[in-house]
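The listed protein sequences derive, respectively, from chains X and A.
Residue 326 is where the first sequence starts when you use my numbering, and the numbers rise one by one after that.
Residue 100 is where the second sequence starts when you use my numbering, and the numbers rise one by one after that.
What follows is one structure encoded as structure tokens, with my remarks underneath.
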Amino acid sequence: MTNLSVTELSRDLRDAIAQLETSEGLESVGIVTRVGDGVAWVHGLYSAGYSEVLEIESDNGTVEAFALNLNEDEIGAVLLGNDSDVKAGARVSLKGETLSVPVGPELLGRVVDPLGRPLDGGPVIKTKHRGLVEREAVGVMGRKSVHEPLMTGIMSIDAMFPIGRGQRELIIGDRQTGKTAIAIDTMINQAKQKTGVVNVYVAIGQKLSKIARLVDRLKEEGVMDQTIIVATGPSDPASLLYLAPYAGTAMGEYFRDNSEHALIIYDDLTKHAVAYRQMSLLLRRPPGREAYPGDVFYLHSRLLERSAKLSDDLGAGSLTALPIIETQAGDISAYIPTNVISITDGQIFLETDLFYQGIRPAISAGLSVSRVGGAAQTKAVKSVGGNLKLGLSQFRELASFAQFGSDLDDATKSQIDRGRRLTELLKQAQYQPMGIWEQYVSIHAVTSGLFDTVDPERVKDAQTALLTKLWSDHKTEMRTLNKGDKPSDDVLALIDAAITSVAKGFEG
Amino acid sequence: MARRLSRRALAGYAAQQLLDGKTAVLQQLAAYLIEVRRTKEVDLLVRDIEHALAASGVVVADIASAREVTATLRTAIVAYITKATSADDVQVRSRIDTSLVGGVRIRTPDAEYDATVRRQLIKLQAMKV
Chain X
326 MTNLSVTELS
336 RDLRDAIAQL
346 ETSEGLESVG
356 IVTRVGDGVA
366 WVHGLYSAGY
376 SEVLEIESDN
386 GTVEAFALNL
396 NEDEIGAVLL
406 GNDSDVKAGA
416 RVSLKGETLS
426 VPVGPELLGR
436 VVDPLGRPLD
446 GGPVIKTKHR
456 GLVEREAVGV
466 MGRKSVHEPL
476 MTGIMSIDAM
486 FPIGRGQREL
496 IIGDRQTGKT
506 AIAIDTMINQ
516 AKQKTGVVNV
526 YVAIGQKLSK
536 IARLVDRLKE
546 EGVMDQTIIV
556 ATGPSDPASL
566 LYLAPYAGTA
576 MGEYFRDNSE
586 HALIIYDDLT
596 KHAVAYRQMS
606 LLLRRPPGRE
616 AYPGDVFYLH
626 SRLLERSAKL
636 SDDLGAGSLT
646 ALPIIETQAG
656 DISAYIPTNV
666 ISITDGQIFL
676 ETDLFYQGIR
686 PAISAGLSVS
696 RVGGAAQTKA
706 VKSVGGNLKL
716 GLSQFRELAS
726 FAQFGSDLDD
736 ATKSQIDRGR
746 RLTELLKQAQ
756 YQPMGIWEQY
766 VSIHAVTSGL
776 FDTVDPERVK
786 DAQTALLTKL
796 WSDHKTEMRT
806 LNKGDKPSDD
816 VLALIDAAIT
826 SVAKGFEG
Chain A
100 MARRLSRRAL
110 AGYAAQQLLD
120 GKTAVLQQLA
130 AYLIEVRRTK
140 EVDLLVRDIE
150 HALAASGVVV
160 ADIASAREVT
170 ATLRTAIVAY
180 ITKATSADDV
190 QVRSRIDTSL
200 VGGVRIRTPD
210 AEYDATVRRQ
220 LIKLQAMKV
């Protein structure tokens with residue numbers, strides 16, 4: 326055994342401290358060897374860590390970058406500012422920290438860039454806390470099963486593909502099929518139903534005009550006060566597009582970790598993967614399938630793994646993610662869509678054909694699924710939505726046969742008629758999310774057969790009349806039903822009576 | 100095809116040879132760089148060799164100042180570098196750089212101590228919102 330001298334140990338430690346204090350003034354530096362396309366190559370700084378922030382001296386002050394490639398001879402750093410300000414030979418120093426963004430309630434109602442700088446013309450945001458952009462996801466023991474509903478207010482989703490707090494549900498479809506509309510309606514519903522869920526909307530390379538319209542709409546709907554928007558446009562450097570979802574997640578995690586609930590929307594991860602591909606190719610990383618780098622799966626899996634329902638010990642907060650993926654010609658078997666489908670807990674697939682048939686939201690009943698949301702569905706909606714998905718899928722299959730004009734038996738005819746009514750019922754205008762009681766009553770009216778006499782073309786009118794009648798006549802009961810529990814027999818009886826009464830006025 | 104040797108590997112070899120007193124390594128290195136068409140890397144290679152030497156206790160420091168450094172200051176700087184880098188041998192190159200405005204800047208192969216007026220001005224500029 327080695328004999329340790331405590332006296333010597335103490336002296337050695339003091340010497341080490343003295344030496345560290347003396348070398349305090351010596352700052353580790355490197356130089357830029359070449360720069361271009363938003364990437365700077367740096368010589369020196371052998372102590373730099375992955376994702377560490379570097380400060381590059383320029384004529385206009387400093388430009389920040391973060392180290393992504395740590396090679397033997399040089400560092401590949403992605404610039405967070407304008408690359409025209411950086412020159413070869415410029416001095417580079419370590420900032421001594423990894424990327425972080427301001428987090429906290431101070432950000433609510435603001436539009437910021439991925440570094441937390443305001444884009445809405447408002448004052449500089451001063452927060453008490455900062456959150457790490459790259460952070461490890463919560464471990465197994467820190468999690469709890471998804472069990473609380475996160476109502477989107479969209480009847481077809483809440484009834485057939487329910488989403489729970491802490492779930493990751495992908496919204497996937499071609500361009501112009503209503504993907505963002507679903508996300509916006511979900512945000513609006515959080516305010517309308519007063520759920521207290523904070524919204525974080527991450528726009529990745531979205532047109533700035535679209536973001537401006539979104540902000541105006543959210544303000545109109547009174548949702549902006551509980552919303553943070555992290556915005557990046559097509560003209561922003563790829564580095565900012567790459568950082569945006571991680572920065573947004575850090576902002577959402579603040580609420581999750583403080584026993585609150587947050588919803589984060591990534592619009593969209595296809596553009597995020599494209600930005601990362603651009604950066605990776607410029608950093609000379611080997612391209613793989615579709616020229617994406619080998620770690621493009623990890624890019625999204627580590628991001629989405631941070632959305633979780635926390636255990637009671639950790640405060641029981643949650644972060645629910647709604648990533649959006651844009652497909653080309655409905656091809657969900659492409660590289661990025663299959664990756665994200667396998668990472669998430671289900672997907673809502675939007676079909677172009679349905680959209681142009683006027684079935685909006687254009688949700689495909691066959692291809693959409695929610696793997697964990699069933700446990701989080703409210704009892705009321707669950708009681709009426711149980712067979713909805715199957716019924717709707719069967720109807721669409723039967724309807725395609727019925728097109729050939731062959732004679733059908735009465736049972737099939739009735740199934741098709743009910744399917745037509747159901748399809749009409751599930752059509753829902755944008756910005757009009759529905760509460761639990763509205764969803765329950767509407768679906769019950771059709772699935773119970775009480776609306777079987779209603780002309781399918783007039784189902785929406787009948788639904789509006791029914792909801793108006795019930796709200797004016799039985800407000801208290803409907804408020805109780807809105808809490809999510811299955812209605813009592815008395816309440817069910819008065820709902821049935823109202824449905825029968827309304828149905829008479831809309832007979833076909 | 101022969102594997103491309105990294106600059107750090109080359110620098111490590113050259114530094115060791117220099118420490119052993121074999122200065123002929125510079126001729127070998129020059130011939131190699133011409134052969135593999137990497138002469139453009141010579142400046143970076145020199146920095147890497149200095150870095151490798153520093154790791155072995157021989158620190159080459161570059162002192163830049165707006166005015167001539169006095170002998171007393173030079174001695175103090177050498178003492179400072181010796182202590183800060185734990186070097187056995189400190190070799191100093193000094194030069195006058197009027198663009199620094201005032202103060203002194205010490206550069207070792209991988210670190211810098213910048214107490215110039217120019218640095219303070221740049222810091223002020225960076226702080227400007």
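Quick reminder that beta carbons are idealized off the backbone N, C-alpha and C, glycines included.
Anyone know if the C-beta pair for residue i and residue j falls short of 9 Å?
{"i": "X/L675", "j": "X/L713", "result": "no"}
{"i": "A/R136", "j": "A/I162", "result": "no"}
{"i": "A/A225", "j": "X/T423", "result": "no"}
{"i": "X/N407", "j": "X/L608", "result": "no"}
{"i": "X/I553", "j": "X/G573", "result": "yes"}
{"i": "X/S767", "j": "X/D821", "result": "no"}
{"i": "X/V706", "j": "X/M576", "result": "no"}
{"i": "X/L419", "j": "X/A365", "result": "no"}
{"i": "X/L717", "j": "X/A690", "result": "yes"}
{"i": "A/R102", "j": "A/D147", "result": "no"}
Is any beta-carbon of chain A found at less than 9 Å from that of residue i?
{"i": "X/S767", "result": "no"}
{"i": "X/S409", "result": "no"}
{"i": "X/Y371", "result": "yes"}
{"i": "X/D445", "result": "no"}
{"i": "X/R416", "result": "yes"}
{"i": "X/V378", "result": "no"}
{"i": "X/K451", "result": "no"}
If you draw a straight line from the C-alpha of residue i to the C-alpha of residue j, how long is it?
{"i": "X/H472", "j": "X/D582", "result": "18 Å"}
{"i": "X/G619", "j": "X/H769", "result": "49 Å"}
{"i": "X/A569", "j": "X/V354", "result": "28 Å"}
{"i": "X/F726", "j": "X/F680", "result": "21 Å"}
{"i": "A/S164", "j": "X/D410", "result": "26 Å"}
{"i": "X/P781", "j": "X/P758", "result": "22 Å"}
{"i": "X/Y660", "j": "X/R685", "result": "27 Å"}
{"i": "A/V216", "j": "X/A506", "result": "56 Å"}
{"i": "X/L635", "j": "X/H625", "result": "20 Å"}
{"i": "X/R359", "j": "X/E352", "result": "22 Å"}
{"i": "X/K535", "j": "X/D592", "result": "11 Å"}
{"i": "A/V159", "j": "X/I590", "result": "54 Å"}
{"i": "X/R336", "j": "X/D638", "result": "44 Å"}
{"i": "X/L715", "j": "X/F729", "result": "23 Å"}
{"i": "X/I479", "j": "X/T511", "result": "8 Å"}
{"i": "X/R743", "j": "X/E763", "result": "19 Å"}
{"i": "X/A823", "j": "X/W796", "result": "11 Å"}
{"i": "X/V378", "j": "X/H597", "result": "21 Å"}
{"i": "A/L104", "j": "A/I205", "result": "31 Å"}
{"i": "X/L433", "j": "A/L223", "result": "31 Å"}
Given that a residue counts as buried once 16 or more other Cβ atoms are within 10 Å of its Cβ, and exposed if not, what is residue i?
{"i": "X/E494", "result": "buried"}
{"i": "A/V228", "result": "Residue confidence is low: A/V228 scores 47 on pLDDT, short of 50, so the model does not pin down where it sits. Its coordinate-derived value is still stated next. Exposed, since its Cβ has fewer than 16 Cβ neighbours within 10 Å."}
{"i": "A/Y212", "result": "buried"}
{"i": "A/L118", "result": "exposed"}
{"i": "X/M326", "result": "Caution is warranted here: a pLDDT of 46 is assigned to X/M326, below 50, making its placement in the model unreliable, and no coordinate value can be reported."}
{"i": "X/R604", "result": "The displayed chain sequence assigns Met, not Arg, to residue 604 of chain X. X/M604 should be labelled buried."}
{"i": "X/D483", "result": "buried"}
{"i": "A/A186", "result": "buried"}
{"i": "X/D814", "result": "exposed"}
{"i": "X/K860", "result": "Residue 860 of chain X cannot be examined here, being either before or after the span of chain X that is shown, 326 to 833."}
Just curious, the beta strand (DSSP E) that residue i is in, first and last residue?
{"i": "X/V364", "result": "364–369"}
{"i": "X/N394", "result": "386–395"}
{"i": "X/A587", "result": "586–592"}
{"i": "X/Q672", "result": "671–675"}
Using the beta-carbon of each residue, which ones in chain C are nearer than 9 Å to residue i?
{"i": "A/S193", "result": "The structure shown contains no chain C; its protein chains are X and A."}
Name the two residues that bound the continuous alpha helix (DSSP H) containing residue i.
{"i": "A/A154", "result": "141–154"}
{"i": "A/A175", "result": "170–184"}
{"i": "X/Q748", "result": "A small fix is needed here, since residue 748 of chain X is Thr in this sequence, not Gln. Note, X/T748: alpha helix (DSSP H), 735–751."}
{"i": "X/F580", "result": "563–582"}
{"i": "X/N625", "result": "For the record, residue 625 of chain X in the displayed sequence is His; it is not Asn. Element bounds for X/H625: 621–629."}
{"i": "X/R460", "result": "First-last for X/R460: undefined, no H or E at that position."}
Check the Cβ-Cβ distances between residue i and every residue of chain X, and say whether any is below 9 Å.
{"i": "A/L132", "result": "no"}
{"i": "A/L143", "result": "yes"}
{"i": "A/Q276", "result": "Shown here, chain A extends from 100 to 228; a query on residue 276 of chain A therefore has no answer."}
{"i": "A/Q224", "result": "yes"}
{"i": "A/Y212", "result": "yes"}
{"i": "A/V228", "result": "Any reading at A/V228 needs caution, since the residue's pLDDT is 47, under 50, leaving its predicted position unreliable; the model's value is listed next. Answer yes: the Cβ-Cβ gap between A/V228 and chain X drops below 9 Å somewhere."}
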